[in-house]
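In my numbering, the protein residues as written are 3 to 340. The C-beta atom is built at its ideal place from N, Cα and C for all residues, glycine as well. Given the structure is predicted, the values throughout are model-derived calculations rather than measurements. Scroll down for the structure; my scribbles are underneath it.
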Amino acid sequence: METTRRGLAWAHGCLAVQSLGGMLGPVTFLLPDGRQVSPLHVAPWGQDPNRATLPPILRELRGEWPCVPFGSDGSRPLPKGWSDAGETFAGADVPHGHGSNVHWSWGDCDERQVNLTCSYPDGHPVRQLCRRIVPDPQAAAIDITLEIEVRRPCRLPIGLHPTFRLTPRARSVRLEPGRYDEVRSFPGDVEPDAGLFAPGRQWSTLDGVDARDGSLIDGGSVPLDRNAEELLQLVGIDGVVALHYRDEGFRARLEWQKEHFPSLLLWYSNRGRTAYPWEGKHLALGVEPVCAAFDLGPAVSTADNPVASPTAPTSLSFHPDQPFITRYRLSVEAAALG
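Here it is, written out as structure tokens:
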């Protein structure tokens, strides 16, 4: 099926949304001083004919989209303290959920909003996702609503997947998270031979993360100065993060409901993957509000795990009589250079 797109322009910018994955991007914002800035990432292989060999989620990867459920079940080694004895179901092994890999249906689209829906397969605990994208007529900002309807009572990890572009110069973008409780590293290898952070560890600050070679890394300044494919999770975050593009003089800001997404997963795609389509060149930062244990999928995230706590769960309860609705906002503002 061919990907279709809808575009929308308003006084403070323009945006595009595609049917595949319901992905938002690119987005160009107009700053008050007249500059145009585009913070969301668009993968460079989107027109490559060889992309048909990729999983659907990767074929035209871009921008921001919802992941229900977040992550995927799979056969992987788990260290002590981790279990995959939680809830699972047919389709739990699909990368970031059915909605990330299929074409959404267009709803009402006009000069004020874009609406999409995604129906899930029969037998899946999720029945439907609805997504509404509305530019703020008064600001360089976009308000997004996600509604989840389920067929039966269930627990699921869920997440949002904003992916931001990076420029080649190391540490040219500064990550500015709100208050958080701790930083955790992935309990293993995200990608063979591309690990950087000491696995299965925790720290009090993103600015001082131990590397596998014993050095200390500032995880809040990207791109990293070493090739890596890594994940860090900021647990117990307060629902806001910004990225300061220091060479370009602007800041992108993401705000969400912390009661729905108590953690922020950072995906460092930092030239670490060498296979097609990454080819050792891909630079992007996923800045992903989640209620999940990394991207380890439903069976792990709904089980007891080292990330989960009463204040920062790794899955949410859903009921067919109570549609789940969450709202979040992406905005930009001018900022100082350097």
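Query                                                                                                                                                         : Result
Is S265 near L236, with beta carbons less than 8 Å apart?                                                                                                     : yes
Would you mind working out which of V292, G274, Y247 and E281 sits nearest Q259, comparing C-alpha positions?                                                 : V292
Reducing DSSP to helix, strand and coil, say where V192 ends up.                                                                                              : coil
Whole angstroms is fine: what's the gap from G190's alpha carbon to P159's?                                                                                   : 20 Å
So, are the CB atoms of A172 and L131 less than 8 Å apart?                                                                                                    : no
Would a C-beta distance cut-off of 8 Å place A305 and S85 closer than the cut-off?                                                                            : yes
For S311, which residues does DSSP report across the bridge?                                                                                                  : Answer is none; S311 lacks a bridge partner.
For E62 and M3, I'd like the C-alpha separation in whole angstroms.                                                                                           : 13 Å
Can you tell me where the beta strand (DSSP E) with A254 in it begins and where it stops?                                                                     : F252 to W258
Report the rounded CA-to-CA distance for I144 versus R331, giving the unit in angstroms.                                                                      : 6 Å
Would you identify the three-state DSSP class for I59, choosing helix, strand or coil?                                                                        : helix
What's the gap between the Cα of T344 and the Cα of A54?                                                                                                      : Residue 344 is absent from the model: the chain starts at 3 and stops at 340.
Leaving out the 5 sequence neighbours to the left and right, which residues in its chain are closer than 7 Å to K283 when beta-carbon positions are compared? : R273
Could you check the C-alpha separation between P123 and A254 for me, to the nearest Å?                                                                        : 36 Å
What does the alpha-carbon distance come out to for the pair L33 and G15?                                                                                     : 9 Å
From what residue to what residue does the beta strand (DSSP E) around P137 run?                                                                              : V128 to P137
Who are the Cβ neighbours of H88 in its own chain at under 7 Å, not counting the five residues just before and after it?                                      : Residue identity differs from the one stated: residue 88 is Gly in this sequence, not His. Only P300, A301, V302, S303, T304 and A305 meet the Cβ criterion.
Whose CA, out of P58, R228, G210 and R214, lies closest to the CA of D220?                                                                                    : G210
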